[in-house]
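Chemist: Handing you a structure now.
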């Protein structure tokens, strides 16, 4: 693969059902693992919020179809 300095990134804020972060993370990794840069809890969003960052766009509708996902918001992550 080429130089990662100018790689575009796509980030999503995901709110899950109570106590369902692990299920949502496992499902996202199963289907989109090769596209992910990072998956972490949102330090400012409370216990049920995740931030995922990917190398390509993942349709928000696909993330919303995962059981236990309540909301998905894409936000600009810029370039790495």
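Numbering (my numbering), first residue to last: 7 to 86. Just so you know, even glycine gets a beta-carbon here, dropped at the ideal spot from N, CA and C.
1. Just to confirm my understanding: we take residue 42, look at its own chain, exclude 5 residues before and 5 after, and list those with CB closer than 6 Å. What are they?
2. Based on Cα-Cα distance, which residue from 33, 79, 21, 48 lies nearest to residue 63?
3. From the DSSP output, in three-state form, read off residue 64 for me.
4. I'd like to check one pair, residue 76 with residue 23: are the Cβ atoms closer than 8 Å?
5. In the DSSP output, what is residue 45 paired with across the bridge?
Modeler: The answer reads as follows:
1. 60
2. 79
3. coil
4. yes
5. 58
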